[in-house]
Amino acid sequence: MNPCVHCGEAKTGLSTTKCDGCGGVIHHACVGLSESDTVKTRAKSRAIKVVCPKCNINLTQCAGLKDLMQTMIDTLKTEFLNAIEQLKTQFEQKLNESLSNNSNIPDDLDSETIMDELADRQSRAGNIIIYNLPESGNGASSQNDDLDGVKTILNGLEIADKDKIHTLRLGRRGTNSRPLKIFLGSRSNALLVLKNKTYISEKNSGIKITNDETLVMRLWSEKHRIDKSIKFD
């Protein structure tokens with residue numbers, strides 16, 4: 017007979033039960049219950065456990081630990097919600113500043129402005145912009161290098177009139193490579209490249225390709241990007 021996990025004795029003639037905590041043998045007398053009390057207790061509900069005094073202490077400690085953990089969780093939840101609220105406020109401020117800075121976007125365009133915008137878009141329809149293409153030296157050699165780089169990137173695409181492609185670096189020369197505008201000669205050529213821009217970027221690490229946007233298109237794109245970034249409500 018196994019000894020009682022509480023008193024350590026293996027007395028014959030004393031009824032025993034199994035501790036629901038550690039699984040050890042324990043005398044009914046050591047837990048202050050009769051054999052019939054134990055049977056009735058367990059019969060009432062599976063959730064009611066009969067445990068030895070040692071396991072009872074452990075369960076009490078676990079209950080205290082559970083309360084402590086719940087308090088910590090509640091505190092972290094409150095801090096998280098506060099951080100989210102602060103972040104939301106910062107995004108709203110950023111949006112308001114952007115809208116203020118972009119106040120020159122016309123709400124109601126007159127016919128002349130609309131015609132100018134359409135003409136500008138039409139003139140850019142056959143162009144693309146390539147970012148992060150390494151920039152070499154000055155002068156004609158730089159333009160030739162840019163053109164060779166573009167032809168390498170576009171290799172495999174059925175571009176019409178490739179010999180008519182020409183390029184232009186945008187902005188002032190600095191430490192980083194300037195964006196490169198590519199004049200492809202037709203809208204269909206530009207659409208072909210834009211359709212395959214993901215494939216091109218995967219083959220040429222760091223390369224990014226976009227369409228040649230007008231000023232109004234760029235302003236609205238920026239506003240739309242900021243609007244999409246604020247989706248907490």
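For the numbering used here, add 16 to where a residue sits in the sequence shown, where the first one is 1. All residues carry an ideal CB built from backbone N, CA and C; glycine is no exception.
When the Cα atoms are used, arginine 189 and alanine 99 turn out to be separated by approximately 41 Å.
Annotation for lysine 213: the continuous alpha helix (DSSP H) segment containing it runs 213–219. For arginine 185, the enclosing beta strand (DSSP E) begins and ends at 182–185. Beta-bridge pairing by DSSP links histidine 43 to Thr32. Of the residues Thr32, Ser217, Thr226 and Gly172, the one whose Cα lies closest to the Cα of leucine 196 is Thr226. Looking at the DSSP output, lysine 197 bridges to Ile145 and Leu184.
C-alpha of isoleucine 130 to C-alpha of isoleucine 89: approximately 57 Å in a straight line.
With respect to the C-alpha of arginine 241, the residue from Ser193, His182, Phe107 and Asp162 having the closest C-alpha is Phe107. The three-state secondary structure of asparagine 72, taken from DSSP, is helix.
A residue is called buried once 16 or more other Cβ atoms fall within 10 Å of its Cβ, and glycine 165 is buried on that count. If the five residues before and after asparagine 143 are omitted, its C-beta is found closer than 7 Å to the C-beta atoms of Lys197, Ile198, Phe199, Leu200, Ala206 and Asp228, all from its own chain and listed in chain order. Around the CB of threonine 191, fewer than 16 other CB atoms lie within 10 Å, so the residue is classed as exposed. For threonine 129, the uninterrupted alpha helix (DSSP H) run begins and ends at 127–140, by DSSP. For the 7 Å CB-CB criterion, aspartate 132 and threonine 230 do not form a contact. With 16 or more other Cβ atoms from the protein chains shown falling within 10 Å of its own Cβ, aspartate 162 counts as buried.
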